[in-house]
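K.L.:
The structure under discussion is supplied below as structure tokens; questions concerning it will follow.
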Amino acid sequence: MGLLQPESGLLFWMTLAFGVVFIVLARYGFPIIVKAIESRKEYIDSSLDAAREAEQKCATLEARSREIVNEAEVRRNEILREADNERKQILSDARQKAESEGECLLEKARRQAESERAAILDDAKHEIATLAVAITERMLREELRDRDAQTQLASRLMEELDPKNRKTWTPD
Amino acid sequence: MRKTFANIVVLLALLLALLLPALPMRAAAQEAPEQTTAVQAGREQEGTGQKGAVQEGDLDIKQLVLGHLGDSYEWHITSTGNGEWSIPLPVIIHSPTSGWHCFSSARLREGAEYEGLRIAAQGDHAGKIVERQADGSDLRPLDLSLTKTAAALLLNSVVVLCLVLGTARWYRRHKATERAPKGFVALFEMLVSGILDSVIKPCVGPNYRKFAPYLLTAFFFIFVNNLMGLIPFFPGGANVTGNIAVTFILALATFLAVNLFGTKHYWKDILWPDVPVWLKAFPLMPLIELVGIFTKPFALMIRLFANMMAGHAVILSLTCVIFATVGMGAAVNGSMSAVSVLFSIFMYCLELLVAFLQAYVFTMLSAVFIGLAQERPGKHAAEGPADNH
């Protein structure tokens, strides 16, 4: 069983070789590599975290800006609507005012016209009455020189004044 | 507690599963004695051993495979028509009678004797250097020769050192927070961080920084030796991790790492575990646990050794099929050669996987054992309530 029996020489060389390799590598080899690998891993992890955080911040900022834009839009629409309403209000107010004023003016004008018409009528009536009196006076002065004519006239007048015959003329 | 138990059960299942590939190897190992006797018989008949056998066209495959799996005093490269090409290696011997000897192994070629030392052709120390004593008996002196396996071991150690120190140099020159490495350093970093994240951190626990250098060294040492062993020509090809002395030292290192740095809680769990008193007053459980301390690294040793040796043995045997069928005619030899090459390709792919897997398994189990020895009672208390759910 030569294969299963460790040779003393090989044991010595293996101890020496493995011992030297282990000591050298444990001192100058692996700690450096392990440290470097781990620090890189840490760096990558922290960078990823930072990136994720930045992304999140960016997303919230974007959301915030969108919110602001939306708000502004809503506000603008509101303002526009308000302005529109106000304009309409003003217009309708103005129209109403104009209407009422116009009506007022019309009323006034109508009343004035009425009163003027009444005055004119009064005047006309007055004039007519004066004319009538004057004419009557002249006519009476002409006509009432004789007695016949006076009675003739009086009867005619009487006839005329009779309500049955009152068609053509009314003194009032 | 239940979690720990489940861990141990999983571990045991894993151990059994990993030992499965070793079963055919044990069969092969059992063949070994009868095989050596065959070699001895052959040597007795022919007197010159392997060379004579090759010259006569009668290939002794078992001897060839075992000769590769074992060790030798020179590094055989190839045989050409002009003879053997091999690199002589230094022989270092301390004999109790004649003191230190140090010379090239070329002086011992073909059974030659030098300063009273020769390579034994037969007997208990066949293939090893023995010293002829005054009374004619052979004595095996303290043999610190730089054999083929030892030389390959040193070469591979230099490769590991270059790989790791080269990578460490890059990291010393660059800030870790700058750019990621490219090329070889990136590959190496991938391996290191893979082992670190998937094996060392979860298995060892919070104290992993202390043990990471050892576990990583063990991984890359085994991995490089495994891969170098798969290279079929000179700088590689030596069966290093398939040698029991090498895996013994590796397992010993894990044993020391586990037990020298074990916590008080670990030793309490071994000597006075949480079981009914009658199980530990009559020290059944402590005994089992104490045996367990040694069986764990022993399993590590045997697993690596058997797996790597089996791989080498299978590949060599498949290659030998070509030469073994030479005498059976061109048709058989040709078809068997094709079969041999196809199977060898398959085995090489498998062995590439095994080379990584065995290094990984050794590292992972070492990490698990270290982690189990790093357990603290506080951790148990924290786990307790969670286990009740």
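Protein chains in written order, with the numbering used here: chain A, 1 to 172; chain B, 1001 to 1389.
Every residue, glycine too, gets a C-beta built ideally from N, C-alpha and C.
Keep in mind it's a predicted model, so treat the numbers as computed, not measured.
Could you give the residue range of the alpha helix (DSSP H) that holds A:T151?
P.N.:
Counting from one through the first sequence, the residue named residue 151 of chain A turns up at place 151. That run of the alpha helix (DSSP H) goes 147-161.
K.L.:
Can you tell me the Cα-Cα spacing of B:I1288 and B:N1082, whole angstroms?
P.N.:
Numbered from its first residue, the second sequence carries residue 1288 of chain B at position 288. Numbered from its first residue, the second sequence carries residue 1082 of chain B at position 82. As the crow flies, the alpha-carbon of B:I1288 is around 60 Å from that of B:N1082.
K.L.:
Going by C-alpha to C-alpha distance, which of B:M1285, B:K1264, B:Y1214, B:A1331 sits closest to B:T1363?
P.N.:
On the second sequence, residue 1363 of chain B is found 363 positions in, with the first residue counted as 1. Of B:M1285, B:K1264, B:Y1214, B:A1331, the residue nearest in Cα terms is B:Y1214.
K.L.:
Counting Cβ pairs, one atom from each stretch, are 3 or more of them under 8 Å apart for the segment 1242-1249 of chain B and the segment 1292-1309 of chain B?
P.N.:
Output reads yes: the segment 1292-1309 of chain B touches the segment 1242-1249 of chain B.
K.L.:
Quick one, which residues of the segment 45-63 of chain A are near chain B if we go by CB-CB under 8 Å, in chain order?
P.N.:
Against chain B - using a Cβ distance shorter than 8 Å - the segment 45-63 of chain A contributes no residues.
K.L.:
Using the beta-carbon of each residue, which ones in chain A are nearer than 9 Å to B:L1146?
P.N.:
In the second sequence, the residue the question calls residue 1146 of chain B occupies position 146. Within 9 Å Cβ-Cβ: G9, W13.
K.L.:
Would you call the segment 1207-1221 of chain B in contact with the segment 15-34 of chain A, where contact means no fewer than 3 C-beta pairs closer than 8 Å?
P.N.:
yes
K.L.:
Could you list which residues in chain A have their beta carbon closer than 8 Å to that of B:I1249, in chain order?
P.N.:
On the second sequence, position 249 is the one that residue 1249 of chain B refers to. L11, M14, T15, F18, listed in chain order.
K.L.:
Is the number of C-beta pairs between the segment 1077-1094 of chain B and the segment 1136-1149 of chain B that are closer than 8 Å three or more?
P.N.:
yes
K.L.:
Measuring straight from C-alpha to C-alpha, what distance separates B:P1283 and B:A1299?
P.N.:
Translated into positions along the second sequence, residue 1283 of chain B becomes position 283. Translated into positions along the second sequence, residue 1299 of chain B becomes position 299. Whole-angstrom Cα-Cα distance: 24 Å.
K.L.:
Under three-state DSSP, which class holds B:I1119?
P.N.:
Residue numbering aside, residue 1119 of chain B sits at position 119 when the second sequence is read from its first letter. Strand, per DSSP.
K.L.:
Assuming contact is defined by CB atoms lying nearer than 8 Å, are A:C8 and B:A1176 in contact in what I supplied?
P.N.:
In the first sequence, residue 8 of chain A corresponds to position 8, counting from 1. In the second sequence, residue 1176 of chain B corresponds to position 176, counting from 1. Before going further, note that residue 8 of chain A is Ser rather than Cys in the sequence given. Their beta carbons are not under 8 Å apart, which means A:S8 does not touch B:A1176 by this criterion.
K.L.:
Which value, in whole angstroms, describes the spacing of the CA atoms of B:L1290 and B:W1267?
P.N.:
Position 290 of the second sequence holds residue 1290 of chain B. Position 267 of the second sequence holds residue 1267 of chain B. When rounded, the distance between both Cα atoms is 10 Å.
K.L.:
Using 8 Å for Cβ pairs, my map puts B:V1258 next to B:A1152. What's the rounded Cβ distance?
P.N.:
Numbered from 1 along the second sequence, position 258 holds the residue referred to as residue 1258 of chain B. Numbered from 1 along the second sequence, position 152 holds the residue referred to as residue 1152 of chain B. Rounded, the Cβ-Cβ distance is 28 Å, inconsistent with contact.
K.L.:
Would the segment 1185-1192 of chain B count as touching the segment 1161-1170 of chain B if we require 3 or more Cβ pairs under 8 Å?
P.N.:
Touching, yes.
K.L.:
Does chain B have any CB closer than 8 Å to the CB of A:S173?
P.N.:
Since the first residue of chain A shown is 1 and the last is 172, residue 173 of chain A is not available in this structure.
K.L.:
Below 7 Å on C-beta distance, what does B:P1213 contact in chain A?
P.N.:
Numbered from 1 along the second sequence, position 213 holds the residue referred to as residue 1213 of chain B. Here the neighbours are L25, A26, F30, P31.
K.L.:
Could you check what DSSP says for B:R1132 in three-state terms: helix, strand or coil?
P.N.:
For the purposes of this step, residue 1132 of chain B is taken as residue 132 along the second sequence, with counting starting at 1. Correct three-state label for B:R1132: strand.
K.L.:
Closer than 7 Å by beta-carbon distance: list the chain B residues that pair up with A:I79, in chain order.
P.N.:
Indexing the first sequence from 1 puts residue 79 of chain A at position 79. Going along chain B, no residue has its Cβ under 7 Å from A:I79, so there is no contact; the nearest lies around 54 Å.
K.L.:
Could you check what DSSP says for B:L1089 in three-state terms: helix, strand or coil?
P.N.:
For the purposes of this step, residue 1089 of chain B is taken as residue 89 along the second sequence, with counting starting at 1. Coil at B:L1089, not helix or strand.
K.L.:
Between which two residues does the beta strand (DSSP E) carrying B:G1099 extend?
P.N.:
To locate residue 1099 of chain B, count along the second sequence from 1; it is residue 99. First-last of the beta strand (DSSP E) with B:G1099: 1099-1104.
K.L.:
Looking at the C-beta of B:L1300, does it have a partner C-beta in chain A at a distance below 8 Å?
P.N.:
Position 300 of the second sequence, counted from the first residue, corresponds to residue 1300 of chain B. B:L1300 does not count as touching chain A.
K.L.:
Rounding to the nearest angstrom, what Cα-Cα distance links B:D1071 and B:M1228 in this structure?
P.N.:
Residue mapping note: residue 1071 of chain B aligns to position 71 of the second sequence, counting from 1. Residue mapping note: residue 1228 of chain B aligns to position 228 of the second sequence, counting from 1. The alpha-carbon atoms of B:D1071 and B:M1228 are separated by roughly 16 Å.
K.L.:
Is the segment 1343-1353 of chain B touching the segment 1268-1275 of chain B in the sense that three or more CB pairs, one from each, lie closer than 8 Å?
P.N.:
no
K.L.:
8 Å is my cut-off, CB to CB: does B:T1295 come that close to chain A?
P.N.:
In the second sequence, residue 1295 of chain B corresponds to position 295, counting from 1. So, not an interface residue.
K.L.:
With a cut-off of 8 Å, do at least 3 Cβ pairs link the segment 1365-1372 of chain B to the segment 1191-1207 of chain B?
P.N.:
Short answer: they touch.
K.L.:
Cα separation between A:L106 and A:D122?
P.N.:
Residue mapping note: residue 106 of chain A aligns to position 106 of the first sequence, counting from 1. Residue mapping note: residue 122 of chain A aligns to position 122 of the first sequence, counting from 1. Taking the straight line joining both Cα atoms gives about 23 Å.
K.L.:
Report the partner residues of B:H1076 according to the DSSP bridge assignment.
P.N.:
In the second sequence, the residue the question calls residue 1076 of chain B occupies position 76. For B:H1076, which the question treats as bridged, DSSP gives the partners B:S1086.
K.L.:
Might you give, ordered along the chain, the residues of its own chain that have their beta carbon closer than 6 Å to the beta carbon of B:N1225, omitting 5 neighbours on each side?
P.N.:
One-based indexing of the second sequence puts residue 1225 of chain B at position 225. Counting only Cβ-Cβ distances below 6 Å, and skipping sequence neighbours, we find N1156, V1240, T1241.
K.L.:
Measuring straight from C-alpha to C-alpha, what distance separates B:E1115 and B:D1197?
P.N.:
The sequence position of residue 1115 of chain B within the second sequence is 115, counting from 1. The sequence position of residue 1197 of chain B within the second sequence is 197, counting from 1. The alpha-carbon atoms of B:E1115 and B:D1197 are separated by roughly 55 Å.
K.L.:
May I ask you to list, following chain order, the residues of the segment 1053-1087 of chain B that have a beta carbon less than 9 Å from some beta carbon of chain A?
P.N.:
L1066, L1069, G1070, D1071
K.L.:
Between the C-alpha atoms of B:V1361 and B:V1332, what's the straight-line distance to the nearest angstrom?
P.N.:
Within the second sequence, residue 1361 of chain B is the residue found at index 361, counting from 1. Within the second sequence, residue 1332 of chain B is the residue found at index 332, counting from 1. Distance between the alpha carbons of B:V1361 and B:V1332 is about 41 Å.
K.L.:
What did DSSP end up calling A:S65 once you bin it into helix, strand or coil?
P.N.:
Walking along the first sequence from the start, residue 65 of chain A turns up at place 65. It is helical.
K.L.:
Measure the C-alpha to C-alpha separation of B:E1056 and B:L1216 and round it to an integer number of angstroms.
P.N.:
Position 56 of the second sequence, counted from the first residue, corresponds to residue 1056 of chain B. Position 216 of the second sequence, counted from the first residue, corresponds to residue 1216 of chain B. Caution applies to B:E1056, whose pLDDT of 45 falls short of 50 and renders its modelled position unreliable; the model cannot decide the point.
K.L.:
Would you say B:A1022 reaches chain A, if we count a Cβ-Cβ gap shorter than 8 Å as a contact?
P.N.:
Position 22 of the second sequence holds residue 1022 of chain B. Unreliable positioning characterises B:A1022 in this predicted model, as indicated by a pLDDT of 43, which lies under 50. A coordinate reading is not provided.
K.L.:
By DSSP, does B:L1142 sit in helix, in strand, or in coil?
P.N.:
Residue mapping note: residue 1142 of chain B aligns to position 142 of the second sequence, counting from 1. Three-state DSSP puts B:L1142 in a strand.
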